[in-house]
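So the number in the numbering used here is just where the residue sits in the sequence shown, counting from 1, plus 3. Below: the structure, in structure tokens.
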Amino acid sequence: MQAARLHEYTDEMSEALEIDDVDRPDLERSDQVLVEVEGAGWCQTDNHIIEGMWEEYAPQDLPMTLGHENAGIVAEVGDEVTLVEEGDPVICHPVQTCGICRPCRLGEDMYCENSAFNGLTTDGGFAEYLQTNERAVIPLPDGVDPTEIAPHADAGITAYHAAKKAVHELNPGDTCVVIGVGGLGHIGLQCLDAMSAADVVAADIKDEALELAEELGARHTINSTDEDLPSAIMDLTDDEGAQQVLDFVGADETTATAPEMVAAGGDHHVIGYGGHIHEPCQALVNGEFSFKGTLVGKYAELQELVALVDRGDVELRTEVYDLDEINTVAERLEHREIEGRAVITPP
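Structure below.
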């Protein structure tokens with residue numbers, strides 16, 4: 004089969020991955036599932052993996068097939084698998100978990116001590132077939148297209164996970180700010196709108212993104228190139244600030260807004276990454292606000308997100324590309340030329 008593989012770390016996205024002929028994966032355990040990939044979402048994390056940014060955080064044996072946002076049709080199942088059978092459409096949680104370590108027993112499967120992360124620590128779905136396990140597959144409702152829903156396996160669940168944490172702290176009439184209405188942000192905004200009665204404010208540097216935000220339910224929009232974001236938020240909230248901020252950019256410039264914008268006791272959720280947090284401890288003490296990181300989400304949360312998709316509460320804006328266009332996608336995303344999410348389809 005064909006697979007898009009990373010052979011060495013590079014900053015040159017035009018030469019990022021090579022299309023190799025590799026063996027189709029075999030099922031090695033009785034709990035494993037082989038999925039014929041219908042769609043695999045391209046993520047900014049893929050760019051960061053190519054750059055080597057994850058090397059010190061996750062073991063990576065190169066060459067490796069990337070792709071952690073995967074959906075498709077079950078092609079084969081191990082002897083003990085009962086959840087799905089051949090021919091079932093599924094979306095694949097990116098993390099294959101063991102189910103028996105303490106974090107798994109506590110329901111915190113993202114912290115599994117024996118996990119394998121598709122496209123990060125083990126071969127992913129930029130290929131014709133993906134090897135995963137029963138604990139990672141979620142059957143799709145009738146009428147849900149695996150190609151269209153694939154990016155929800157990471158982008159969607161990450162945005163949903165952050166939104167769900169924020170919603171727990173939001174009351175009707177509170178203000179929640181979404182920074183960056185791109186591939187993740189446009190999903191997070193819809194989740195917030197579906198799950199809370201807070202006033203959602205969207206901030207971006209592109210007018211097209213802000214028009215999309217209005218279409219998807221934002222009550223207010225702010226072009227942060229034209230306006231000072233913290234000042235605009237304080238004006239909107241009578242100097243109280245935003246109770247929750249979801250930062251889908253994660254740049255130095257966006258994290259730096261927290262002390263001036265987050266309400267006392269509020270949270271600045273860092274979802275996008277690549278920047279840093281450089282704030283004096285006194286700023287956190289004085290405002291008693293927190294920075295909170297977000298990495299993907301739980302299996303159960305992906306089930307919940309699929310339910311929102313099935314109800315029509317969350318939709319994806321996608322662009323579809325063939326596998327042999329994969330480096331074009333990497334380049335376009337690096338230059339912020341893709342609106343919504345890019346989906347790779349195998350030959």
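C-beta atoms are modelled at their ideal positions from N, C-alpha and C, and glycine is treated no differently. These numbers come from a predicted model, not from an experiment.
Under the three-state DSSP convention, the category residue i falls into
i	result
residue 191	helix
residue 130	strand
residue 114	helix
residue 344	strand
residue 287	helix
residue 137	helix
residue 306	helix
residue 53	helix
residue 99	strand
residue 4	coil
residue 293	strand
residue 244	coil
residue 215	helix
residue 298	coil
residue 61	coil
residue 39	strand
residue 9	strand
residue 329	helix
residue 81	coil
residue 317	coil
residue 254	coil
C-beta atoms of residue i and residue j nearer than 8 Å
i	j	result
residue 175	residue 321	no
residue 332	residue 157	no
residue 107	residue 95	no
residue 87	residue 147	no
residue 111	residue 4	no
residue 297	residue 273	yes
residue 316	residue 197	yes
residue 280	residue 294	yes
residue 171	residue 304	no
residue 34	residue 81	yes
residue 93	residue 143	yes
residue 186	residue 343	yes
residue 149	residue 41	yes
residue 129	residue 326	yes
residue 208	residue 234	no
residue 264	residue 311	no
residue 18	residue 330	yes
Among the options, nearest to residue i - alpha-carbon criterion
i	options	result
residue 259	287, 242 and 243	287
residue 215	188, 237, 228 and 202	188
residue 91	135, 341 and 39	39
residue 276	182, 137 and 79	182
residue 225	203, 246 and 99	203
residue 270	169, 29 and 66	169
residue 11	178, 53 and 345	53
residue 98	72, 77 and 326	72
residue 166	249, 56, 345 and 256	249
residue 63	43, 123 and 212	123
residue 221	162, 206 and 121	206
residue 229	213, 127, 330 and 25	213
residue 252	84, 28, 60 and 47	47
residue 84	330, 184, 141 and 117	141
residue 118	211, 45, 18 and 61	61
residue 121	350, 45, 104 and 192	45
residue 328	340, 341, 347 and 310	347
residue 255	236, 349, 278 and 238	278
residue 218	306, 193 and 137	193
residue 137	232, 79 and 184	79
residue 350	30, 324, 340 and 161	324
Contact set for residue i: own chain, Cβ-Cβ below 7 Å, skip 5 residues either direction
i	result
residue 159	190 and 308
residue 266	243, 244, 245 and 246
residue 8	20, 21, 23, 66, 67 and 68
residue 262	282, 286 and 290
Beta bridge counterpart(s) of residue i as assigned by DSSP
i	result
residue 324	347
residue 142	93
residue 249	181 and 272
residue 353	Because the chain is modelled from 4 through 350, residue 353 falls outside the range shown and cannot be assessed.
residue 120	98
residue 23	6
residue 207	226
Sequence-distant residues of the same chain with beta carbon closer than 6 Å to residue i, five excluded per side
i	result
residue 302	96 and 112
residue 16	333, 334 and 337
residue 2	As displayed, the chain neither begins before 4 nor continues past 350, which places residue 2 out of reach and without an answer.
residue 55	12
residue 139	95, 96 and 99
residue 89	77
residue 49	69
residue 257	182 and 250
Same chain, Cβ closer than 8 Å to residue i, neighbours up to 5 away in sequence not counted
i	result
residue 126	6, 28, 67, 68, 133 and 134
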